[in-house]
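Number of protein chains: 2
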Amino acid sequence: MKRIQLLVPILLFCCAIGIAQEAEKKTVTSIYNEALGDRTAYENLRQLCKTTKGRITGSTKADEAVEFTYRLMAAMHLDSVYKQPVMVPRWERGKKESAFIRSARLGKKGLAVAALGMSVGTGSGGLKAGVVEIGSLSDLEKLGMEQIRGKIVFFNRPMDPAMVNTFASYGGAADQRTLGAIEAAKFGASGVMVRSLTTALDDFPHTGVLRYTEGVPKIPAVAVSTMGADLLSQWLQDDPELSLFIRTECHDHGEVGSANVIGEIKGSLYPDQIITVGGHLDAWDLGEGAHDDGAGCMQSIEVLRLFKELGIRPKRTIRAVMFMDEEVAQRGGAEYARQAELNGEKHYFALESDRGGLLPLAIGISAPAERLVKMMELKRYFEPYGIRITEGGGGVDIGPLKKFGTPLSSLIPDSQRYFDYHHSANDTFDKVNNRELQLGSAAIAALVYLVDLYDL
Amino acid sequence: MKRIQLLVPILLFCCAIGIAQEAEKKTVTSIYNEALGDRTAYENLRQLCKTTKGRITGSTKADEAVEFTYRLMAAMHLDSVYKQPVMVPRWERGKKESAFIRSARLGKKGLAVAALGMSVGTGSGGLKAGVVEIGSLSDLEKLGMEQIRGKIVFFNRPMDPAMVNTFASYGGAADQRTLGAIEAAKFGASGVMVRSLTTALDDFPHTGVLRYTEGVPKIPAVAVSTMGADLLSQWLQDDPELSLFIRTECHDHGEVGSANVIGEIKGSLYPDQIITVGGHLDAWDLGEGAHDDGAGCMQSIEVLRLFKELGIRPKRTIRAVMFMDEEVAQRGGAEYARQAELNGEKHYFALESDRGGLLPLAIGISAPAERLVKMMELKRYFEPYGIRITEGGGGVDIGPLKKFGTPLSSLIPDSQRYFDYHHSANDTFDKVNNRELQLGSAAIAALVYLVDLYDL
């Protein structure tokens, strides 16, 4: 009987909604048809990937990506295209990293590594030390300073493969990368090697930002490929006395000027109310940043193209925002919100696409209850495309808009493949499928169209 | 009010089902956990792809694939592993095809082509003729014999990109490939060139079987890459008088012996009732047959591994079947059903996986109404994995079991990427993701476990 009690309100709720208007349905269909039949976003992504590979925040390539997207939008006859200046960190990897073990029993054997973002370098002389393998930060306490001092701590806890949502699995393992250097240094470690955060078993090291904190020595930290991590673990069983050599020549160069890039279609009725769709323009230096997050950027621009192409005149101003510096210090998102506050902007709705240009399965939304309920009603428009509307959305770049009460949303694609590419040299254009990318573009455009149309 | 009327029976139905047993849920979870944490099926697929590339039915490579899968299952301590002999066609592509245009205005320009399966060859001298571009078979009638006689008919209707389900889009364009040679020959054409059946825009020709019919001349037919098709269409606009040269040296060698490969776990309670899970072992000669259909084969074997590994004792006999010759004459599936009839086998349930090793989104089932309703109740077990149970299932290889009243089912993965690979050199192992493959294996194993357990 519980089930009946539960279903009655749902049933009444369904009746209350009524049947979606045919005209709106047709527009949603035309958005999807146009997106699936077009290759503009895909070809733009190809260009971005091939000409600005390695566009880490603060780099020349990031500057080129700013120019590329600025020109792209400038050629689209939008109502406004501009750069929003922002200061960002500039960290450089320097010479390609080197890592190998030396062992009386096993000889010399190499490992595929990459310095973690913002890590200090070992300098050209490198770092040589014994290795302690552990599975979690709490193991440090168990081993104690005696066993850790002077050693390289090897964090080897894999992402849990059993979790269907790999973002949850990533969340369960990422502390090793973000906090490992701080925690290991507290116990006197000389360096850190972290198993790459990927569900793949291959030889790509996956980088990502680490943190340091005041009062704790900054020690060098690298990611090792998952195949390398498995090997090192085996070697340590064969010879616990082996020594590990790591050389990284990365440097922190302080701050430099950069920019968010913004394109707008002005609202016809409420031009001062802003709907933001965005992705981040910076990408880790190892790859092309195709899925992370060239895809989200090109989808955001595509939303504007779809509106223009189909002659959809939004009531509110639609902005495509290429956020700078998501990967390192999240300065672009912070500056966007700061400028919004300074200028007294009204942010009606925001969506971020930063989970790869893969098959979209859902749109997640965080919003005040009343608005959320209305937005959930939109599901009927998305059912033909296999997309659910779920509670809980946002993103690193749009997160700072939360203080304005803006509903925050995210495109949620399938996550199975994402961490194969994430933060590695494997994140290249050929891994993106035009149809998957465009199903995402269409979903975002349709959502924005409906939220604006129905004043949700 | 209509909505309420509709919901009441659904509501009562939901109540009737009751809550799924915890023990069964745990077994389903353990199936998924084991599948996602294991790489056996993936590594077996790698071996199959790398050692038996080009395993077209009747070929030496197909024989090697028979041996490979036989040995694979023989090493698994199953209750029975055997080959089921079957006669299959043997068609050989011969020397790599060549195609180019010659035009007074445009000069000589090459095109990426591949003979369609079972096509006659042009012979080493090749075929040279003018070109007529058309969009559909019915255009032949419109043009008439005058304009077609002696020409090469160029079928250039693309798969409709707006269809979200690319299999539907494929179905809407495939007549050009399967029937184009027959229909064009009726109007006196000397050859046929067909736009590749893919949603990708690239330079891979995609082959696939064509038909000939008694009393109509057999004319040579090739697939041209989609980029090639777009170019040729443009060239024809620039110079309608251009001539096209095609050379294919393919041959039909009649019939040879081959085999289906079958592995079994005997049922503990009803050993004479058979549940079949299968894929097809043959693949087009151009690629590795990774998605089509090495993936389905390895998933089928994985179902047996999962049952063994987790100690699940099925009541009924579970068979993994590697069907031979799905691509050309479908002899393996026909022989399997013929032997079933000869031996008086009871086929309780059958599932085919032949839509690629991509993210599974649904399981489709065709069954008598009463059994179908019960099977649909299983959806609760699959919801955590994003899999729906939908009406309508089957497959080319298990299709002949329909006459026994056996419920037929198919694994339905996402279709966006599938036709990028289908029947082309692009169907390679690196396009398969272990997690996607294994989510499919787990879904099949869980379905078989539940259908058997609940006597559905």
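Protein chains in written order, with my numbering: chain A, 2 to 457; chain B, 2 to 457. All C-beta atoms in this analysis are idealised placements derived from N, C-alpha and C, irrespective of residue type, glycine included. Given the structure is predicted, the values throughout are model-derived calculations rather than measurements.
With DSSP as the reference, identify every bridge partner of residue i, one or two as the case may be.
i	result
Gln85 of chain A	A:Asn261
Phe101 of chain B	B:Gly111 and B:Phe246
Gly192 of chain A	A:Ile153
Phe350 of chain A	A:Ile276
Glu328 of chain A	Partner(s): none; Glu328 of chain A has no beta bridge.
His281 of chain B	B:Phe324
Ser411 of chain A	A:Glu353 and A:Gly365
His252 of chain A	A:Glu93
Gly118 of chain B	B:Val210
Give a yes or no on whether the minimum CB-CB distance between residue i and chain B is below 7 Å.
i	result
Arg436 of chain A	yes
Tyr455 of chain A	no
Asp203 of chain A	no
Asp415 of chain A	yes
Lys143 of chain A	no
Ala17 of chain A	Only weak support is given to the placement of Ala17 of chain A: the predicted model assigns it a pLDDT of 42, under 50, and the question is left unresolved by the model.
Counting only Cβ pairs nearer than 9 Å, list the residues of chain A close to residue i.
i	result
Asn34 of chain B	Pro162 and Ala163
What residues of chain A sit near residue i, judged by a beta carbon separation below 8 Å?
i	result
Arg418 of chain B	Asn434, Arg436 and Glu437
Can you find the residues in the same chain that come closer than 6 Å, C-beta to C-beta, to residue i, ignoring five residues on each side of it along the sequence?
i	result
Thr70 of chain B	Val262 and Met323
Lys347 of chain B	Asp273 and Gln274
Phe350 of chain B	Ile276, Pro408 and Val452
Arg248 of chain A	Ser99, Thr123 and Gly127
Phe405 of chain B	His348
Leu270 of chain A	Lys316
Arg47 of chain B	Phe430
Arg103 of chain B	Lys109 and Ser244
Gly55 of chain A	Lys62 and Asp286
What does residue i reach in chain B if we use C-beta pairs closer than 7 Å?
i	result
Gly38 of chain A	Pro162 and Ala163
With a CB to CB cut of under 7 Å and the five nearest residues on each side skipped, what residues in its chain are close to residue i?
i	result
Val133 of chain A	Leu144, Gln148, Ile149, Lys152, Val154 and Phe155
Ser191 of chain B	Leu128, Ala130, Gly151, Lys152, Ile153 and Ile220
Pro428 of chain A	Sequence check: residue 428 of chain A is Asp here, not Pro. Around Asp428 of chain A: Gly288, Glu289, Gly290, Ala291, His292, Asp293 and Tyr422.
Ala426 of chain B	Phe205, Leu287 and Gly288
Asn435 of chain B	Arg40 and Tyr43
His207 of chain B	Ser197, Leu198, Thr199, Ala224, His423, His424 and Ser425
Answer with yes or no whether the minimum CB distance from residue i to chain D is below 7 Å.
i	result
Gly400 of chain A	Among the protein chains of the structure shown, namely A and B, there is no chain D.
At 8 Å on the CB atoms, spell out the chain B contacts of residue i, in chain order.
i	result
Asp421 of chain A	Asn434
In its own chain, which residues sit with a C-beta less than 8 Å from the C-beta of residue i, not counting the 5 before and 5 after it?
i	result
Arg372 of chain A	Pro408 and Leu457
Tyr382 of chain A	Ala21, Glu25, Lys26, Val29, Ala447 and Leu451
Ala444 of chain B	Pro361, Ile364, Phe383, Tyr386, Ile388 and Leu412
Leu7 of chain A	Residue placement at Leu7 of chain A is poorly supported in this model, since its pLDDT is 48, which falls under 50; the coordinates still yield a value, given next. Counting only Cβ-Cβ distances below 8 Å, and skipping sequence neighbours, we find nothing.
Val304 of chain A	Val278, Ile319, Ala321, Ser442, Ile445, Ala446 and Val449
Thr167 of chain B	Met160, Thr200, Ser416, Gln417, Tyr419 and Phe420
His252 of chain B	Trp92, Glu93, Gly95 and Gly122
Cys15 of chain A	Its pLDDT being 45, under 50, Cys15 of chain A is placed unreliably by the model, and the measurement read from it follows with that caveat. Once the five neighbours on either side are set aside, Cys15 of chain A has no close Cβ partner at all.
Measure from the C-beta of residue i to each C-beta in chain A and report whether the shortest distance is under 7 Å.
i	result
Ala443 of chain B	no
Leu7 of chain B	Since pLDDT at Leu7 of chain B reaches only 48, below the 50 mark, its modelled position is unreliable, and the value read off the structure follows with that caveat. By this cut-off, Leu7 of chain B is not an interface position.
Anything in the region 340-367 of chain B with a Cβ closer than 8 Å to a Cβ of chain A? List those residues in chain order, please. Among the residues of the region 340-367 of chain B, those with a Cβ less than 8 Å away from any Cβ of chain A are Leu360 and Leu362, in the order of the chain.
With 8 Å as the C-beta to C-beta threshold (strictly closer), list the residues of the region 379-395 of chain A near chain B in chain order. Listed by position, the residues of the region 379-395 of chain A near chain B (Cβ gap below 8 Å) are Pro385, Tyr386 and Gly387.
Could you please tell me which residues of the region 193-221 of chain A, in chain order, have their CB closer than 9 Å to any CB of chain B? Thr200, Ala201 and Leu202
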